[in-house]
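Taking it in order: structure first as C-alpha coordinates, then the write-up.
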Amino acid sequence: MDDGVPDRGHRETLLKPDYRVTGVACGYHAGYHNICVMTYADGYTDH
(Lines of atoms letter the chains of each structure in order from A and count residues from 1; the text may use other names and numbers.)
(Lines give C-alpha, C1' and ligand atoms only; values in the text may rest on other atoms or scores of the structure.)
Protein backbone atom coordinates (compact mmCIF):
# COMPACT_ATOMS: atom_id res chain seq x y z
CA MET A 1 0.00 0.00 0.00
CA ASP A 2 1.31 3.48 -0.89
CA ASP A 3 4.26 1.98 -2.78
CA GLY A 4 6.01 4.84 -4.54
CA VAL A 5 3.86 7.50 -2.84
CA PRO A 6 5.86 10.00 -0.76
CA ASP A 7 3.31 10.21 2.09
CA ARG A 8 0.80 7.93 3.81
CA GLY A 9 -2.38 9.74 2.76
CA HIS A 10 -3.86 6.74 0.97
CA ARG A 11 -3.11 4.41 3.86
CA GLU A 12 -4.56 6.82 6.42
CA THR A 13 -7.76 7.18 4.39
CA LEU A 14 -8.22 3.43 3.92
CA LEU A 15 -7.68 2.68 7.60
CA LYS A 16 -9.65 5.60 9.08
CA PRO A 17 -12.05 4.07 11.64
CA ASP A 18 -14.75 6.71 11.00
CA TYR A 19 -15.44 5.31 7.54
CA ARG A 20 -17.95 2.45 7.64
CA VAL A 21 -19.18 2.40 4.02
CA THR A 22 -17.23 2.23 0.75
CA GLY A 23 -18.55 2.88 -2.74
CA VAL A 24 -16.58 1.51 -5.70
CA ALA A 25 -16.89 2.22 -9.41
CA CYS A 26 -14.71 1.01 -12.29
CA GLY A 27 -14.74 2.00 -15.92
CA TYR A 28 -12.85 2.79 -19.07
CA HIS A 29 -10.48 5.77 -19.21
CA ALA A 30 -8.91 7.00 -22.45
CA GLY A 31 -5.49 7.57 -20.87
CA TYR A 32 -5.30 4.73 -18.33
CA HIS A 33 -7.56 2.15 -20.03
CA ASN A 34 -9.38 0.97 -16.89
CA ILE A 35 -9.67 2.84 -13.61
CA CYS A 36 -11.42 2.32 -10.30
CA VAL A 37 -12.39 4.92 -7.73
CA MET A 38 -13.47 4.50 -4.12
CA THR A 39 -15.56 6.84 -1.99
CA TYR A 40 -15.64 6.50 1.79
CA ALA A 41 -18.39 7.61 4.18
CA ASP A 42 -19.43 7.16 7.78
CA GLY A 43 -22.88 6.00 6.60
CA TYR A 44 -25.51 6.37 3.92
CA THR A 45 -29.24 6.76 3.46
CA ASP A 46 -30.94 4.35 1.06
CA HIS A 47 -33.37 6.23 -1.20
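Everything in the sequence shown is counted per my numbering, starting at 6 for the first residue and increasing by one. Positions of the beta carbon are idealized from the N, C-alpha and C atoms, including for glycine. All figures in this text were calculated on a predicted structure; none of them were measured in a lab.
Close beta carbons around residue i, own chain, < 8 Å, minus the five adjacent residues each side
i, result
"residue 34", "40"
Nearest residue (CA-CA) to residue i, options the options
i, options, result
"residue 29", "11, 19, 36", "19"
Neighbourhood of residue i by C-beta distance below 6 Å, restricted to the same chain and skipping five residues each side
i, result
"residue 43", "27, 29"
Counting Cβ pairs closer than 8 Å, one from the stretch 43–52 and one from the stretch 12–29, do we hit at least three? yes
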